[in-house]
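Every number in the working numbering is 1054 more than the matching position in the sequence shown, counting from 1.
Step one of this worksheet: look at the structure below.
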Amino acid sequence: MNISIPEFLKTKYNESNICHMTGGGTNELYLVSNESMTRLVKIAGLNSDDIVNEYNTLQLLSEMSVVPKVYELFYIGERAGIEIEFIKGKSMT
(Lines of atoms letter the chains of each structure in order from A and count residues from 1; the text may use other names and numbers.)
(Lines give C-alpha, C1' and ligand atoms only; values in the text may rest on other atoms or scores of the structure.)
Protein backbone atom coordinates (compact mmCIF):
# COMPACT_ATOMS: atom_id res chain seq x y z
CA MET A 1 0.00 0.00 0.00
CA ASN A 2 1.44 3.35 -1.02
CA ILE A 3 -0.71 5.54 1.21
CA SER A 4 0.98 7.27 4.14
CA ILE A 5 -0.27 6.68 7.67
CA PRO A 6 -1.53 10.28 8.09
CA GLU A 7 -3.39 10.05 4.75
CA PHE A 8 -4.93 6.70 5.75
CA LEU A 9 -6.07 8.09 9.11
CA LYS A 10 -7.56 11.23 7.50
CA THR A 11 -9.62 8.99 5.21
CA LYS A 12 -10.62 6.56 7.97
CA TYR A 13 -11.52 9.28 10.48
CA ASN A 14 -12.79 12.04 8.21
CA GLU A 15 -13.96 15.17 10.01
CA SER A 16 -11.58 14.36 12.90
CA ASN A 17 -8.48 16.12 14.15
CA ILE A 18 -5.42 13.88 13.90
CA CYS A 19 -2.34 14.70 15.95
CA HIS A 20 0.92 12.72 15.83
CA MET A 21 2.07 12.07 19.40
CA THR A 22 5.67 11.91 20.60
CA GLY A 23 6.96 8.78 22.25
CA GLY A 24 5.65 5.34 21.48
CA GLY A 25 9.02 3.64 21.15
CA THR A 26 8.82 1.35 18.14
CA ASN A 27 5.21 2.31 17.36
CA GLU A 28 3.60 5.45 16.00
CA LEU A 29 0.91 7.07 18.15
CA TYR A 30 -1.85 9.39 16.94
CA LEU A 31 -4.56 11.20 18.87
CA VAL A 32 -7.81 11.22 16.89
CA SER A 33 -10.59 13.48 18.11
CA ASN A 34 -13.82 15.13 17.04
CA GLU A 35 -16.82 16.57 18.86
CA SER A 36 -18.04 13.18 20.09
CA MET A 37 -14.88 11.17 20.87
CA THR A 38 -11.15 11.10 21.53
CA ARG A 39 -9.21 7.94 20.76
CA LEU A 40 -5.59 6.84 20.60
CA VAL A 41 -4.44 5.05 17.46
CA LYS A 42 -1.29 2.97 17.73
CA ILE A 43 0.42 1.79 14.53
CA ALA A 44 3.03 -0.99 14.59
CA GLY A 45 6.57 -0.23 13.56
CA LEU A 46 8.58 -3.22 12.42
CA ASN A 47 6.62 -6.03 14.08
CA SER A 48 2.84 -6.16 13.83
CA ASP A 49 2.71 -9.25 16.07
CA ASP A 50 3.22 -7.08 19.18
CA ILE A 51 0.23 -4.86 18.34
CA VAL A 52 -1.96 -7.88 17.59
CA ASN A 53 -0.94 -9.41 20.94
CA GLU A 54 -1.70 -6.11 22.70
CA TYR A 55 -5.13 -6.00 21.05
CA ASN A 56 -5.90 -9.58 22.11
CA THR A 57 -4.69 -8.95 25.67
CA LEU A 58 -6.78 -5.79 26.02
CA GLN A 59 -9.81 -7.70 24.71
CA LEU A 60 -9.29 -10.43 27.33
CA LEU A 61 -8.89 -7.91 30.16
CA SER A 62 -11.74 -5.64 29.04
CA GLU A 63 -14.25 -7.12 31.48
CA MET A 64 -12.06 -6.07 34.41
CA SER A 65 -12.39 -2.32 33.66
CA VAL A 66 -8.73 -1.73 34.55
CA VAL A 67 -7.43 -1.30 31.00
CA PRO A 68 -8.37 1.09 28.20
CA LYS A 69 -11.21 -0.06 25.97
CA VAL A 70 -9.98 -1.40 22.65
CA TYR A 71 -12.22 -0.65 19.69
CA GLU A 72 -10.62 -1.99 16.54
CA LEU A 73 -7.71 -3.87 15.00
CA PHE A 74 -6.93 -2.84 11.41
CA TYR A 75 -4.11 -2.95 8.89
CA ILE A 76 -2.36 -0.33 6.76
CA GLY A 77 -0.61 -2.56 4.28
CA GLU A 78 1.31 -5.02 6.46
CA ARG A 79 1.37 -2.75 9.52
CA ALA A 80 -1.23 -3.48 12.19
CA GLY A 81 -2.96 -0.71 14.09
CA ILE A 82 -5.30 -0.57 17.05
CA GLU A 83 -7.79 2.05 18.14
CA ILE A 84 -8.05 2.36 21.92
CA GLU A 85 -9.69 4.57 24.50
CA PHE A 86 -7.76 7.74 25.32
CA ILE A 87 -7.45 8.27 29.06
CA LYS A 88 -6.23 11.71 30.03
CA GLY A 89 -3.53 11.67 32.67
CA LYS A 90 0.02 12.65 33.51
CA SER A 91 3.12 11.24 31.90
CA MET A 92 5.01 8.83 34.13
CA THR A 93 8.36 10.01 32.78
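Where a beta carbon is used, it is the ideal one built from N, C-alpha and C, also for glycine.
Keep in mind the model is a prediction, meaning the values are calculated, not measured.
request  = Measure the alpha-carbon distance for T1076 versus L1083 and round it to whole angstroms.
outcome  = Cα atoms of T1076 and L1083: separation of roughly 7 Å, rounded to the nearest angstrom.
Report the three-state DSSP secondary structure of S1087 (helix, strand or coil).
Correct three-state label for S1087: strand.
Is the beta carbon of K1096 less than 8 Å from the beta carbon of I1057? Taking C-beta atoms as the reference points, K1096 and I1057 fail to come closer than 8 Å.
### Environment of I1048 [buried if 16+ CB atoms lie within 10 Å]
Here the chain has residues from 1055 to 1147 only, and residue 1048 is not among them.
query: Are the CB atoms of V1106 and L1115 nearer to each other than 8 Å?
result: Contact flag unset, no.
Can you give me the start and stop residues for the beta strand (DSSP E) that I1097 sits inside? Run containing I1097: T1092 to I1097, per the beta strand (DSSP E) assignment.
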